[in-house]
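Protein chains: 2
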Amino acid sequence: MPRGFRAAGGICGIKASGKPDLALIVADHPCDAAGVFTTNRMPGAPVIVARRHLRSGRAMAIVCNSGASNVCTGRAGLEDARAMAAHVAGTLGRPMRIGDVLPGSTGVIGHRLPMAKILKGIDDLAPRLSRGVEADHAAATAILTTDTRSKSALRRMRLGGRTVHIGGIAKGSGMIAPNMATMLVFLTTDAACPAPLLRRALKHAVDQSFNRISVDHDTSTSDMVLLLASGDSGHKPLRASDADYARFSRALESICMDLAEQVVLDGEGITRLFEVRITGAASVADADRIGHSVTGSPLVKTAIHGADPNWGRLVMAIGKSGARVRPDRVNITIAGFAVCRRGEPVKHTAAQHRRLEAAMKADRIIIEIDLGLGKGQARWLGCDLSREYIAINADYTT
Amino acid sequence: MPRGFRAAGGICGIKASGKPDLALIVADHPCDAAGVFTTNRMPGAPVIVARRHLRSGRAMAIVCNSGASNVCTGRAGLEDARAMAAHVAGTLGRPMRIGDVLPGSTGVIGHRLPMAKILKGIDDLAPRLSRGVEADHAAATAILTTDTRSKSALRRMRLGGRTVHIGGIAKGSGMIAPNMATMLVFLTTDAACPAPLLRRALKHAVDQSFNRISVDHDTSTSDMVLLLASGDSGHKPLRASDADYARFSRALESICMDLAEQVVLDGEGITRLFEVRITGAASVADADRIGHSVTGSPLVKTAIHGADPNWGRLVMAIGKSGARVRPDRVNITIAGFAVCRRGEPVKHTAAQHRRLEAAMKADRIIIEIDLGLGKGQARWLGCDLSREYIAINADYTT
Chain D
1 MPRGFRAAGG ICGIKASGKP DLALIVADHP CDAAGVFTTN RMPGAPVIVA
51 RRHLRSGRAM AIVCNSGASN VCTGRAGLED ARAMAAHVAG TLGRPMRIGD
101 VLPGSTGVIG HRLPMAKILK GIDDLAPRLS RGVEADHAAA TAILTTDTRS
151 KSALRRMRLG GRTVHIGGIA KGSGMIAPNM ATMLVFLTTD AACPAPLLRR
201 ALKHAVDQSF NRISVDHDTS TSDMVLLLAS GDSGHKPLRA SDADYARFSR
251 ALESICMDLA EQVVLDGEGI TRLFEVRITG AASVADADRI GHSVTGSPLV
301 KTAIHGADPN WGRLVMAIGK SGARVRPDRV NITIAGFAVC RRGEPVKHTA
351 AQHRRLEAAM KADRIIIEID LGLGKGQARW LGCDLSREYI AINADYTT
Chain U
1 MPRGFRAAGG ICGIKASGKP DLALIVADHP CDAAGVFTTN RMPGAPVIVA
51 RRHLRSGRAM AIVCNSGASN VCTGRAGLED ARAMAAHVAG TLGRPMRIGD
101 VLPGSTGVIG HRLPMAKILK GIDDLAPRLS RGVEADHAAA TAILTTDTRS
151 KSALRRMRLG GRTVHIGGIA KGSGMIAPNM ATMLVFLTTD AACPAPLLRR
201 ALKHAVDQSF NRISVDHDTS TSDMVLLLAS GDSGHKPLRA SDADYARFSR
251 ALESICMDLA EQVVLDGEGI TRLFEVRITG AASVADADRI GHSVTGSPLV
301 KTAIHGADPN WGRLVMAIGK SGARVRPDRV NITIAGFAVC RRGEPVKHTA
351 AQHRRLEAAM KADRIIIEID LGLGKGQARW LGCDLSREYI AINADYTT
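Residue numbers (this note's numbering), protein chains in the order written: chain D, 1 to 398; chain U, 1 to 398.
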């Protein structure tokens, strides 16, 4: 973790599997803070509470359990989320207040949290808070559900003559769709940055990263991206007009892209990642419409799975996206092979076709779509749709 | 076919499998006609040509091949679609004109039609046009692609003292998403009904049926619903204010619903159909948003596949739909079992839970979602997502 933060993760007994299920991130003093939350209209209790607590632009701790999401739990669920925050504040003491603690939960919908286990878990974790890499890893592991691996990233930069860090951990492998934060992402930095500027930089970074990935186009009820800035690197607080603020924003965007890619790479049942580079759209919004449509299409995803250069499905997904399209200007390239030029097939020799099919068996496929209309562009990440996705989701109660 | 129509279907040699791939439906004289077409912005050449031909409100024939969709084929493709129409008009002679023939194609995207085969196929089919049930069945079979069975329906009613029929054949099992006509549906009737009234009745029937089903939320580039009315039942032409027009419209809606359900039941890889009944929405548009979101969610579809009463995923799909929702008013029932009341879980005994799980193993599951806000309602049909869907679509070039 960047300077000014400690972390811990462990087992409080929510998961029947006995895997880690409670994480704590605590700042040494009040931080500037910002968050981006799910757009789902049936948000979980922790989303409601954390969003409210963040209105002050100040926070000191994040407490998050996995195994139960505290969604559809009514007033009692809201009280549980508040009780998690209150217990952290009470245990860690001044200057932390309830409103400085941001609760998060992920897991099955529609069950009350086992509060006795969680409160005891907080008691157990508090003395183990630490600045070491092992503690970061323990926290990153304790927020996972169907994920197969923990996800973390770090960025380092110079701001105002000081070395500044941004660290992040993430959770997410199903119910991943673009439309705001769609997973749990907890970011900390020792940069000094006022809350309004943090908010602006975070919103931009999320739009470029987590809002441009898709595993299954489902949008969770629980998801949030939180960012706490301790200022402990000791530089002068950033201002909107600073070149340093631009540098900080770029680093934030970079770490979010890194974590977003880790989430897709751990997509449920993934065997192959694909990147869609859209250029020449009439607007960025149109480029995003196409990225959304292509990465979400079951027919595109199964073609990628089958290493099938079936670009007709790309045409279908482009056409259904709602973006402005002139069919006779559309160029499409798969894995470096032009397949559609000005809306018509590019003829391949049998040998070229075999090379294209072979290229599509790579772990990562790049699809380029140029609309020939304007300057709108976007880069999206998606994953294939496999039998394993079905197995995971037909047999697992989320 | 209703009075005034003949049909034929056969093999012209487009499909490598040697299965039937060319269908012809021909009226004895010019008919009032209407159509609804795909909203995909990269429509196939036949969609462009048929839409243009229908502007007159008059048509006499439908010619449709399967095995190649004539999409992304540029100007040459448009000429091919026109040549199909011209050849039918030329072969069958006066009073048929090119503009009276509506071409359709379904199959792989991005290949020119084998025109020599199609023109010879039309020559072969013309003398075999017939009024019998076998001819209807041959036509219904010749428009299939990944479908596992042919789809047809008939409705009979009394209008102005005469017996009137509406007949229809349909094709569709993948790339099925709501948003206008998303498959091939050819309807004929011996009712006498002016084209503007036909259009209105067809638009309404399609909105209630084909626009409320989903197999994979992909929207084909080729799809169309066509309706030709011969007037040969001999009653007075319908007028907008007639009770008979309302009766005709209801019968049209009923046959479209029947065909829509047949399409879902033949959904790629389906093992289980589910019906979503939304009530209490703030508007019909909101009810449709929820139907669209629930039937399209991969997580809902896999839960249905696993016979898993995982209503948290329904909550997620309701919340992400964009419809107005008050979580504390949402009631959800699965297969007759209340699972969520006022946004909170309904407690089940172990025995009740077992009965619910058993009920979810039925071929058809009914999900009821009441939002408790207003009078908006809608009924949607969807199918589960199975390993078989992946197998079909990872290995087949559409």
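Quick reminder that beta carbons are idealized off the backbone N, C-alpha and C, glycines included.
- About 7 Å separates the beta carbon of isoleucine 166/D from that of proline 2/D, a gap short enough to meet the 8 Å contact definition.
- Contact with chain U is found for glycine 312/D, since one of that chain's Cβ atoms lies less than 7 Å from the residue's Cβ.
- Under the three-pair Cβ rule at 8 Å, the segment 282-298 of chain U does not count as touching the segment 332-348 of chain U.
- Taking C-beta separations shorter than 6 Å and ignoring five residues to either side along the sequence, the partners of alanine 205/U in its chain run Leu252, Glu253, Cys256, following chain order.
- With fewer than three CB-CB distances shorter than 8 Å, the segment 234-245 of chain U does not count as touching the segment 110-125 of chain U.
- Under the rule that a run must span 4 or more residues, the alpha helix (DSSP H) segments found entirely inside the segment 345-381 of chain U read 350-359.
- Nearest to cysteine 383/U by C-alpha distance, out of His305/U, Gly322/U, Val315/U, is His305/U.
- Inter-residue distance for leucine 228/D and aspartate 223/U is about 51 Å (C-alpha atoms, whole angstroms).
- Minimum Cα-Cα distance from alanine 81/U among the listed residues Arg247/U, Arg55/U, Leu22/U, Ala50/U corresponds to Ala50/U.
- Residue contact with chain U for isoleucine 390/D: present (Cβ-Cβ distance below 7 Å to some residue of chain U).
- Against chain D, the CB of lysine 320/U has a partner CB under 7 Å away; the residue lies at that interface.
- Annotation for asparagine 331/U: no alpha helix (DSSP H) segment contains it, though the beta strand (DSSP E) segment containing it runs 331-334.
- Counting along the chain, the unbroken beta strand (DSSP E) around threonine 189/U starts and ends at 184-189.
- The C-beta of glutamate 268/U has 16 or more other C-beta atoms within 10 Å across all chains shown, which makes the residue buried.
- In the three-state scheme derived from DSSP, where H, G and I count as helix and E and B as strand, arginine 6/D is classed as strand.
- Distance from the CA of serine 150/D to the CA of glycine 10/D, rounded to the nearest whole angstrom, comes to 14 Å.
- Residue pairing by DSSP places phenylalanine 37/U opposite Met224/U in a beta bridge.
- Cβ-Cβ separation between glycine 35/U and leucine 226/U: approximately 5 Å, consistent with a contact (criterion under 8 Å).
- Taken in chain order, the unbroken stretches of beta strand (DSSP E) that lie wholly in the segment 16-75 of chain U and span 3 residues or more are 22-37, 58-68.
- The C-beta separation of serine 152/D from alanine 8/D comes to about 15 Å, leaving the pair out of contact by the 8 Å criterion.
- Secondary structure note for threonine 279/U: it is in no alpha helix (DSSP H), and the uninterrupted beta strand (DSSP E) holding it is 273-281.
- Against chain D, the CB of glutamate 344/U has a partner CB under 7 Å away; the residue lies at that interface.
- Using a Cβ distance threshold of 7 Å, glycine 296/D and aspartate 370/D do not count as a contacting pair.
- The beta carbon of aspartate 258/U sits closer than 7 Å to those of Ala153, all from its chain and outside the five residues before and after it, given in chain order.
- With respect to the C-alpha of isoleucine 270/U, the residue from Ile109/U, Leu24/U, Ile390/U, Gly99/U having the closest C-alpha is Ile390/U.
- Look at isoleucine 166/D here: in three-state DSSP terms it is strand.
- Remark: C-beta atoms of glycine 74/U and isoleucine 14/U do not approach each other more closely than 7 Å.
- Within the same chain, Cβ atoms closer than 8 Å to the Cβ of proline 298/U are found at Leu385, the five residues on either side in sequence being excluded.
- Threonine 91/U sits in a helix when the DSSP states are folded into three classes.
- Contact of histidine 29/D with chain U is not assigned, every C-beta pair being separated by 7 Å or more.
- Nearest CB-CB separation between arginine 212/U and chain D: not below the 7 Å threshold.
- For leucine 202/U, no chain D residue has a Cβ inside 9 Å of its Cβ, as the nearest lies near 22 Å away.
- Boundaries cannot be given for serine 173/U, as no beta strand (DSSP E) includes it and DSSP labels it neither H nor E.
- Using a CB distance cut-off of 7 Å, valine 315/U counts as an interface residue toward chain D.
- For histidine 305/U, the nearest beta carbon of chain D is closer than 7 Å to its own beta carbon.
- DSSP places arginine 289/U inside the alpha helix (DSSP H), whose first and last residues are 284-296.
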